[in-house]
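*Asks:*
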Amino acid sequence: MTPLVRGAAALAALLLLPGLLGVRAPWTAVPFLSLSFWIASWWWLPFAGRTRLLAGCLVVFALAAGLRLLRPDARRPSWPALVVLAAAASRAGAGFLPAFARAERLDPTSALLMAWHDGLPATYVPLREGSFAAHAHGFDALAADLSLLSGSSVPTAAAVAAAVARALSSIGLYLFLARLFAAGPAALGVAAATLAAALLPPTWAAGDPAWSLALGFLLAAAGLLARGASRAAAVAAGAFVGAAATTAPGLAALCLAAGLLLGMFTQGGAMRGRVTLAAATALLTAGPFLLQAALAFVREGRFR
Numbered sequence: 000m001t002p003l004v005r006g007a008a009a010l011a012a013l014l015l016l017p018g019l020l021g022v023r024a025p026w027t028a029v030p031f032l033s034l035s036f037w038i039a040s041w042w043w044l045p046f047a048g049r050t051r052l053l054a055g056c057l058v059v060f061a062l063a064a065g066l067r068l069l070r071p072d073a074r075r076p077s078w079p080a081l082v083v084l085a086a087a088a089s090r091a092g093a094g095f096l097p098a099f100a101r102a103e104r105l106d107p108t109s110a111l112l113m114a115w116h117d118g119l120p121a122t123y124v125p126l127r128e129g130s131f132a133a134h135a136h137g138f139d140a141l142a143a144d145l146s147l148l149s150g151s152s153v154p155t156a157a158a159v160a161a162a163v164a165r166a167l168s169s170i171g172l173y174l175f176l177a178r179l180f181a182a183g184p185a186a187l188g189v190a191a192a193t194l195a196a197a198l199l200p201p202t203w204a205a206g207d208p209a210w211s212l213a214l215g216f217l218l219a220a221a222g223l224l225a226r227g228a229s230r231a232a233a234v235a236a237g238a239f240v241g242a243a244a245t246t247a248p249g250l251a252a253l254c255l256a257a258g259l260l261l262g263m264f265t266q267g268g269a270m271r272g273r274v275t276l277a278a279a280t281a282l283l284t285a286g287p288f289l290l291q292a293a294l295a296f297v298r299e300g301r302f303r
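Counting from 1, position 243 in the sequence shown corresponds to residue 242 in numbering that gives the first Met the number 0; the numbering is continuous, with no gaps.
#1: Shortest alpha-carbon distance to P248 belongs to which of R271, F216, V274?
#2: Roughly how many whole angstroms lie between the Cα atoms of V189 and R75?
#3: Can you name the start and end residues of the alpha helix (DSSP H) that Y123 belongs to?
#4: How about the region 145 to 164 and the region 107 to 120: do they share at least three Cβ pairs that are nearer than 8 Å?
#5: One question on the structure: do L44 and A235 come within less than 8 Å of each other, judged by their Cβ atoms?
#6: Under three-state DSSP, which class holds S130?
#7: Assuming R273 and A228 make a contact with CB atoms under 8 Å, what is their CB distance in whole Å?
#8: Just tell me which of A132, S77, R104 has its CA closest to the CA of L289.
#9: Mapping DSSP to helix, strand and coil, what is G92?
#10: Of all the options M270, L19, P79, A244, which has the alpha carbon lying nearest to the alpha carbon of V59?
#11: Is the beta carbon of A225 sitting closer than 8 Å to the one on R271?
#12: Go ahead and pull the three-state DSSP assignment for P30.
#13: Nearest CA to the CA of L148: which residue from L10, T1, F296?
#14: Is there contact between the region 114 to 126 and the region 82 to 91, where contact requires at least three CB pairs shorter than 8 Å?
#15: What is the rounded straight-line gap between the Cα of A83 and the Cα of S168?
#16: DSSP on R303, reduced to helix/strand/coil?
#17: Among A278, A232, P208, A231, which residue has its Cα nearest to the Cα of V240?
#18: In angstroms with no decimal places, state the Cα-to-Cα distance between T1 and L212.
#19: I'd like to know if F36 contacts chain B, where contact means its C-beta is closer than 8 Å to some C-beta of that chain.
#20: For the alpha helix (DSSP H) containing H116, name the first residue and the last one.
#21: Going straight from the alpha carbon of G183 to that of A86, what length do you get?
#22: Residues in the same chain with beta-carbon distance under 8 Å from L250, minus the five sequence neighbours each way, listed in chain order, please.
#23: Can you give me the C-alpha to C-alpha distance between F95 and A166, rounded to a whole angstrom?
#24: Which residue comes first and which comes last in the alpha helix (DSSP H) that contains G137?
#25: Based on Cα-Cα distance, which residue from W41, P17, P79, L52 lies nearest to G65?
#26: What is the residue span of the alpha helix (DSSP H) that T193 lies within?
#27: State the Cα-Cα distance for the pair P125 and F296, rounded to the nearest angstrom.
#28: For L57, which residues from the same chain have a beta carbon less than 7 Å from its beta carbon, with the 5 sequence-adjacent residues on both sides left out?
#29: Could you tell me the distance, in whole angstroms, from the CA atom of S130 to the CA atom of A121?
#30: If you draw a straight line from the alpha carbon of G150 to that of A195, how long is it in whole angstroms?
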């Protein structure tokens with residue numbers, strides 16, 4: 000198997016599993032369901048042997064997903080879905096343009112350490128000093144998983160992970176807009192946002208891929224909660240917010256606070272209950288990371 004095929008297979012596996020096991024999950028939620036699991040599992044299962052964990056979980060998930068796919072949905076994708084996929088592909092591919100690549104703030108150091116240790120390291124030694132737990136590493140976790148699963152170099156995996164992060168921000172935006180408007184206008188809104196991003200200077204459009212990934216999670220969570228939600232959707236939304244908290248804590252904290260305030264002033268006990276359930280799930284998902292970060296703050300006297 001060539002490195003390109005291995006890398007594509009690894010990326011597809013991480014994006015589709017275990018999200019495909021969500022029987023009623025829309026296609027837009029599948030990659031967020033999958034990545035929220037993989038990111039959170041770094042802190043819930045922090046021991047060494049990440050490669051074996053990835054392989055074992057993927058085998059189990061693939062077998063379970065195969066049972067579901069025995070009766071596949073034969074419907075053709077709608078034109079809004081195709082527009083969104085094209086916009087996501089455009090956002091992903093933009094990062095490989097020379098001007099954009101130079102402007103993107105991509106540091107593979109943390110992902111490199113995670114891949115070296117085959118698990119969560121305690122410190123940055125031997126690359127530099129400092130507690131590893133004092134920082135958010137959700138994006139680095141995705142890059143490390145890609146590297147471990149595909150055998151590609153960490154810088155290459157980080158570049159692919161950054162492309163995925165940009166694409167998911169477009170898909171998350173569609174998931175959110177589609178709950179407020181019809182599918183057609185929502186897809187056109189995503190296309191307009193993609194065009195606007197393409198017109199920005201590279202130094203503005205590139206930014207931090209961790210923030211792009213967290214933004215995608217948060218938009219997807221807002222989409223699941225908009226206009227009411229089932230308990231299952233509220234739990235999924237909470238998992239998305241928790242994954243965002245391990246990726247960009249500041250952005251996730253602002254959105255979580257806004258969601259709680261909205262829930263307090265929203266009429267209807269059912270909606271308030273869904274927001275509360277989502278918040279509790281978010282805290283549970285990000286709990287191990289938040290605990291380790293708090294302990295690092297106590298030890299070092301600061302949170303960098």
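Glycine included, every Cβ here is placed at the ideal spot set by N, Cα and C.
*Replies:* From the atom records:
#1: F216
#2: 21 Å
#3: Y123 -> no alpha helix (DSSP H), and no H or E assigned at all.
#4: yes
#5: no
#6: strand
#7: 5 Å
#8: A132
#9: helix
#10: L19
#11: no
#12: helix
#13: L10
#14: no
#15: According to the sequence displayed, residue 83 carries Val and not Ala. Computed Cα separation, rounded: 11 Å.
#16: Legend: pLDDT at R303 = 43, less than 50; position of this residue unreliable, value from coordinates given subsequently. Coil, per DSSP.
#17: A278
#18: 28 Å
#19: No chain B is part of this structure, which consists of one protein chain only.
#20: 108 to 116
#21: 14 Å
#22: W210, A213, L214, L217, A243
#23: 13 Å
#24: 137 to 149
#25: P17
#26: 182 to 198
#27: 21 Å
#28: A12, L16
#29: 6 Å
#30: 36 Å
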